[in-house]
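Below is one structure; the comments refer to it alone.
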Amino acid sequence: MNRKHFFTLPFLLLCLCTNAQELKPTLTYATTQKILQGCIAYADSAKLTLSIALYNRDAQLISFARMDGASLGSAKIAHWKGISAATYGASTAETGSWNVPNAPDIATIPGGLPIVLPDGTVIGGLGVSGAAASVDVTCAEAGLKAAGLYRAPKK
2 MNRKHFFTLP FLLLCLCTNA QELKPTLTYA TTQKILQGCI AYADSAKLTL SIALYNRDAQ
62 LISFARMDGA SLGSAKIAHW KGISAATYGA STAETGSWNV PNAPDIATIP GGLPIVLPDG
122 TVIGGLGVSG AAASVDVTCA EAGLKAAGLY RAPKK
């Protein structure tokens, strides 16, 4: 093997390995900030103190806000809802109807929504807690609308 091929072979192998990787859409920090701002604007207008947690598709925390006055319990529940929505790609209202309350990381009360791209790809989950469950859902929807990612629930 001549010297030219000696240096070319590792580069060729590296190229072959990188072509096998599939790029997937990702929930960015910038997008989570738009969602948080939309949720907080809604909460402020309704005079609510909420906790909001945003997770990527792998159920890893990207952003979190606990508004002044929100309880520690609401923070923990927001995380629970966000993880569930990201893990299962379904709203927590839906997962609550599955009758599997002991499944790992499954939330059973409304307030968690999957973050879904227009093509249907789930890129994360959003959990809101601190008010009545229906109000938590409305706040989550406001956040997704602010980022242009709101999807009406399936009927």
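In the working numbering, the protein residues as written are 2 to 156.
Where is the CB? At the ideal position from N, CA and C, for every residue including glycine.
- When secondary structure is reduced to three states using DSSP, residue 134 falls in the helix class.
- Taking a contact to require three or more Cβ pairs closer than 8 Å, the region 140-148 and the region 19-39 qualify as touching.
- In terms of Cα proximity to residue 82, the closest of 153, 22, 154 and 141 is 141.
- Here residue 118 has 26, 124 and 150 as same chain residues with Cβ atoms under 8 Å from its own Cβ, once five neighbours each way along the sequence are excluded.
- Straight through space, the alpha carbons of residue 57 and residue 29 are spaced by roughly 8 Å.
- Taking C-beta separations shorter than 7 Å and ignoring five residues to either side along the sequence, the partners of residue 96 in its chain run 85, 89, 107, 108 and 109, following chain order.
- Here residue 152 has 117 as same chain residues with Cβ atoms under 6 Å from its own Cβ, once five neighbours each way along the sequence are excluded.
- About 12 Å separates the Cβ atoms of residue 135 and residue 154, ruling out a contact at the 8 Å cut-off.
- In terms of Cβ geometry, residue 129 and residue 51 form a close pair [threshold 7 Å].
- When the beta-carbon positions are compared, residue 73 and residue 132 stay at least 7 Å from each other.
- Within the same chain, Cβ atoms closer than 6 Å to the Cβ of residue 54 are found at 65, 79, 80, 83 and 128, the five residues on either side in sequence being excluded.
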